[in-house]
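Notes follow the structure.
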Amino acid sequence: MADQHDGSRVVALVPAAGRGVRLGESMPKAFVPIGGSSMLTLAVDGLIASGVVDHIVIMAPAELIGEAPVLLGIVETTGPVPVSVVSGGAERTDSVRAGIAAALNTPKTVSHFLVHDAARALTPPSLIERVVAELRAGQSAVVPGLPVADTIKTVDAHGDVTGTPDRSVLRAIQTPQGFEAQLLRDAYASGLHATDDAGLVERFGAHVRVIPGDPLAFKITTPLDLHLARTLLAERADAALTTGLPR
Ligand code: CTP
Ligand code: MG
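In terms of our numbering, the numbers along the sequence shown are unbroken and rise by one, the last being 320.
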């Protein structure tokens with residue numbers, strides 16, 4: 074763990090308080106199962122497996138905070154990394170703000186925050202490690218991103234095209250997004266608004282570095298995404314059975 078060798082302490086904030094309207098399941102999205110575990114549990118397992126996270130703060134829907142069996146299922150699998158669960162808010166930014174407050178409300182100093190969507194349940198631990206390595210190398214804000222496959226167009230309210238940005242300079246941004254703790258804290262305290270954490274930090278005037286993302290860090294948003302995630306995990310389980318390797 075980070076705080077055992079260089080004095081840094083990495084806290085992962087996991088927004089999991091969304092409703093999952095586009096997925097259309099009967100429960101909040103983070104609690105939807107994939108291969109026997111919830112998306113949230115898989116995301117937390119990935120953070121722990123990275124070996125670079127010292128504390129995990131989950132922001133869950135308020136009515137599920139008391140759901141001991143579900144939440145204990147998460148806590149019991151965590152081993153040496155402590156996991157806290159707090160209520161999220163109406164918007165994702167409200168949830169992240171609640172996570173920052175909870176993380177800072179402990180006696181231990183936080184050097185860096187990772188913000189990592191529960192909905193990116195299959196994110197490889199190696200991507201989490203790479204984000205933290207960049208932070209340790211001195212970057213103050215680091216986000217994974219992938220080249221955009223489709224041509225992107227800007228349109229007006231009628232659907233008429235107003236422009237076609239050069240695709241080669243575009244990146245689709247994933248999580249975990251990593252930040253110096255004080256920077257994220259100050260950006261959230263500034264009263265500025267943005268749709269993602271890196272966007273907020275940019276508006277606050279800080280430099281953000283994009284590193285190569287990973288296709289497996291895709292966000293499970295629609296039923297098609299859920300189908301893909303379930304298929305990938307089932308294949309992984311089959312391969313583990315065949316080879317005798319642990320799942
Ligand atoms: N999230 C959150 N608090 C909110 C909204 C979203 O913690 N008020 C979390 C979601 O749980 C998810 C992540 O932010 O892990 C990314 O959001 P998104 O994929 O949009 O999830 P939902 O908001 O649940 O989905 P939808 O927009 O389809 O309702
Ligand atoms: Mg949403």
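Built from N, CA and C at the ideal position, the CB exists for glycine as well.
Look at threonine 227 here: in three-state DSSP terms it is strand. Per DSSP, the unbroken beta strand (DSSP E) holding proline 88 starts and ends at 83-88. Short of 7 angstroms from the beta carbon of alanine 307, and not among the five residues preceding or following it, lie these beta carbons of its own chain, in chain order: Gly108. Taken from the Cβ of valine 94, at least one heavy atom of ligand 2 lies inside 8 angstroms. In this structure, the C-beta of arginine 203 stays at least 8 angstroms away from each heavy atom of ligand 2. Taking a contact as a CB-CB distance under 8 angstroms, the pair leucine 115 and leucine 195 counts as one, their CB atoms being some 7 angstroms apart.
Within the segment 227-294, the complete alpha helix (DSSP H) segments at least 4 residues long are 254-262 and 270-276, listed from N- to C-terminus. With distances taken between CA atoms, leucine 208 lies nearest to Glu253 out of Glu253, Ala191, Thr235 and Thr224. In this structure isoleucine 225 is exposed. Its beta-carbon is surrounded by fewer than 16 other beta-carbon atoms within 10 angstroms.
Note that the C-beta distance between isoleucine 173 and leucine 297 is not below 9 angstroms. Relative to ligand 1, serine 168 has its C-beta within less than 8 angstroms of a heavy atom.
Per DSSP, reduced to three states, the secondary structure at proline 220 is strand. DSSP lists Ala85 and Gly251 as the bridge partner or partners of leucine 187.
Closest option to serine 241, judged by alpha-carbon separation, among Pro220, Val228 and Pro249: Pro220.
Taking a contact as a CB-CB distance under 8 angstroms, the pair alanine 171 and valine 159 counts as one, their CB atoms being some 6 angstroms apart.
DSSP, read as helix, strand or coil, puts alanine 210 in coil. Straight-line spacing of the CA atoms in alanine 312 and aspartate 287 works out to 21 angstroms. Closest by C-alpha distance to aspartate 190, out of Ala302, Leu301 and Phe291, is Phe291. Check the Cα spacing between glycine 93 and each of Gly251, Pro134 and Ala206: the tightest is with Pro134. Residue Arg165 holds the alpha-carbon nearest to the alpha-carbon of alanine 90 among Ile129, Arg165 and Leu256.
For histidine 128, the beta-bridge partners assigned by DSSP are Val84. Take alanine 103, set aside five residues on each side of it, and the residues of its chain with a beta-carbon closer than 6 angstroms to its own are Ala89, Met112, Leu113 and Ala191, in chain order.
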